[in-house]
Amino acid sequence: MGRVSGKVALVTGGSMGMGESHCKLLAREGAKVIVTDVAVDAGEAVAKAILDAGGEAMFLHHDVASEADWMAVVDKAVGAFGKIDILVNNAGIVIFKPNNETTTAEWDRVMSVNSTGVFLGCKHIVPAMKKAGGGSIVNISSISGMVGMVSQAAYQASKGAVRMLTKSCAVDYAQYNIRVNSVHPGAVRTPIINVLGDDTSMIDALVATTIMKRMADPIELSYAVLLLASDESSYMTGSELVVDGGWTAA
Amino acid sequence: MGRLDGKVALITGAARGMGESHARLFAKEGARVIATDRRDKLGEETVASIRAAGGEAMYLSHDVTDESQWQSVIDAAVARYGKIDILVNNAAFAAFHSAEESLLEDWNRVMDVCVKSIFLGCKFILPAMQKAGGGSIVNISSIAGMAGMPQQAAYQAGKGAVRILTKSLAVDYAQYNIRANSVHPGMVRTPGTRLVLEDEKFINMMRDKTILNRVAEPLELSYPVLFLASDEASFMTGSEVVVDGGYIAQ
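So the protein sequences, as listed, match chains D and V.
For the record, in the first sequence the residue sitting at position 23 is 67 according to this note's numbering, with numbers rising by one throughout.
For the record, in the second sequence the residue sitting at position 224 is 938 according to this note's numbering, with numbers rising by one throughout.
So this is what it looks like as structure tokens:
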């Protein structure tokens, strides 16, 4: 008996990195998983890997910044699996620039994926969750949404918005038995950091100031997401789960 | 396959309430449990019922404010099970007075049971955890350690001390592969909170401020404690896990 058996979970940005890891763990614990992403080939491969391992999954192309995409994705997911119990708003992009060097186009792009994507997800998932009798929304924020960091102006603003939008949704949706919590990863070894290229100075600095002196593997975030997604966290809503190897604690 | 297979866990205040619930869940997930308390009859009964359910547990009489008892409890636990991987500092004492109305002896009692106990426990547990190759310390703080509340001056100070002592432990013990995190329950239905739950004015205030508009059952705390105790939380140290139905979030 899996920890999310009988549940249907939609995970955005599920093609690679943390999202892929969340999809696979949720599926292993019994959930039917809708993997969504803009990266089609990688997303199809994640769904296939889950099916091959005996789980249930489907991939849907999904730009989280598009409201039309959200409506279509929720419709197709409910059409395929009958309901949605769990939404993991995981899709995110990052730009490593201080505020003055960030172009308005870059700002808009980061905010549209990281913040507007979560707003749209919470907005369009609620009818499906009401139908399911409740649900759990897990929003992936970041420690960048909690404390100041070097050269991440737009990313920090976007993750701070997710942190607080989570509490707003927790308040508004409790009446429908929908819980909403945020997860705040520190440095995680995923393809998203490839944008830094060969320059490891930023990651080195992050690791040096992390109590555990290392980066996380994606699965170390997935277990935290699983806790919040499952009924094991039935008394948690509006909470911030910091999974950062102690970065913000010191 | 249990989530704590092969682990040895020491839980203080385990005779009843949340501690009892943690002990039962830990044993169900495969841990060998040392349940300690001052309430010997209840503690023995808790352990007997864990064993009757097929779990492995022992009870030890334990005043957590007594330095010599900590040493003897840990010695007895290691003698029986060979090591200790997990310490749940759950024992607590509350007094409901404003600072002005608090007696110094109430203050000292709260600080001794809630805070000094953790200082002592973590001090003496180190060799046993080093022997185990690392460990996880879960300190039960409270939302009273995070936000102002009426008539709980000493308890608030005590739980605030636990909150930040946990971060100090996280920093100092990371080198030994020991993680330390705090859990912050809201209002939970336990024998210890029975009188408070009967205070209509107080409970209405708590409920009005709690997004989920209800009191927690002990098991709803035990799952987050299990998560932190287990290797699933391997990238979490110095974190605060708030399990309060959304009290702090609004």
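We put the CB at the ideal spot given by N, CA and C, even for glycine.
- Ranked by how close their Cα comes to the Cα of residue 47 (chain D), the residues D:148, D:113, D:263, D:69 have D:69 in first place.
- Residue 229 (chain D) has D:287 as its beta-bridge partners, per DSSP.
- Contact note: residue 276 (chain D) reaches chain V through 937, using a C-beta cutoff of 7 angstroms and chain order.
- Nearest to residue 229 (chain D) by C-alpha distance, out of D:217, D:220, D:261, is D:261.
- Under the DSSP assignment, residue 747 (chain V) falls in the beta strand (DSSP E) whose first and last residues are 746 to 751.
- Any Cβ of chain V closer than 8 angstroms to the Cβ of residue 180 (chain D) would place that residue at the interface, and such an atom is absent.
- For the pair residue 185 (chain D) and residue 723 (chain V), the Cα-to-Cα distance works out to about 32 angstroms.
- Annotation for residue 812 (chain V): 865, 867 place their beta carbon closer than 7 angstroms to its own, counting only its chain and skipping 5 residues before and after.
- Residue 59 (chain D) is not a Cβ neighbour of residue 937 (chain V), given a cutoff of 8 angstroms.
- At the C-beta level, residue 933 (chain V) and residue 743 (chain V) stay beyond 8 angstroms of one another.
- In this structure, residue 255 (chain D) sits near residue 293 (chain D), with a CB-CB distance shorter than 8 angstroms.
- Within the region 218 to 251 of chain D, the residues whose Cβ lies closer than 7 angstroms to any Cβ of chain V are, in chain order, 218.
- At a cut-off of 8 angstroms, the C-beta of residue 214 (chain D) has a neighbouring C-beta in chain V.
- The contact set of residue 951 (chain V) on chain D, defined by CB atoms closer than 8 angstroms, consists of 255, 256, 289, 290, 293 in chain order.
- Contact residues of the region 160 to 187 of chain D toward chain V are absent (C-beta to C-beta distance below 7 angstroms).
- Your pair residue 785 (chain V) and residue 838 (chain V) checks out as a contact, with CB atoms roughly 5 angstroms apart and the cut at 8 angstroms.
- Contacts between residue 264 (chain D) and chain V, judged by CB atoms closer than 7 angstroms, involve 948, 949 in chain order.
- Taking C-beta atoms as the reference points, residue 830 (chain V) and residue 779 (chain V) count as a pair closer than 8 angstroms.
- Contacts with chain D at 8 angstroms (Cβ-Cβ) include residue 925 (chain V).
- Between residue 203 (chain D) and chain V, the shortest Cβ-Cβ separation is not below 8 angstroms.
- In the displayed model, residue 165 (chain D) falls within a helix according to three-state DSSP.
- For the C-beta of residue 884 (chain V), the chain D residues within less than 8 angstroms are, from N- to C-terminus, 255, 290, 293, 294.
- Following the DSSP letters along the chain, one finds residue 81 (chain D) inside the beta strand (DSSP E) bounded by residues 76 to 81.
- Sequence-distant partners of residue 82 (chain D) (beyond 5 residues in either direction) whose C-beta falls short of 6 angstroms from its own C-beta, in its chain, are 107.
- Counted as a single uninterrupted DSSP element, the stretch harbouring residue 946 (chain V) is not any beta strand (DSSP E), since DSSP gives it neither H nor E.
- Rounded to whole angstroms, the separation of the alpha carbons of residue 269 (chain D) and residue 946 (chain V) is 11 angstroms.
- One finds nothing in chain V with a Cβ atom closer than 8 angstroms to the Cβ of residue 51 (chain D); even the nearest lies about 16 angstroms away.
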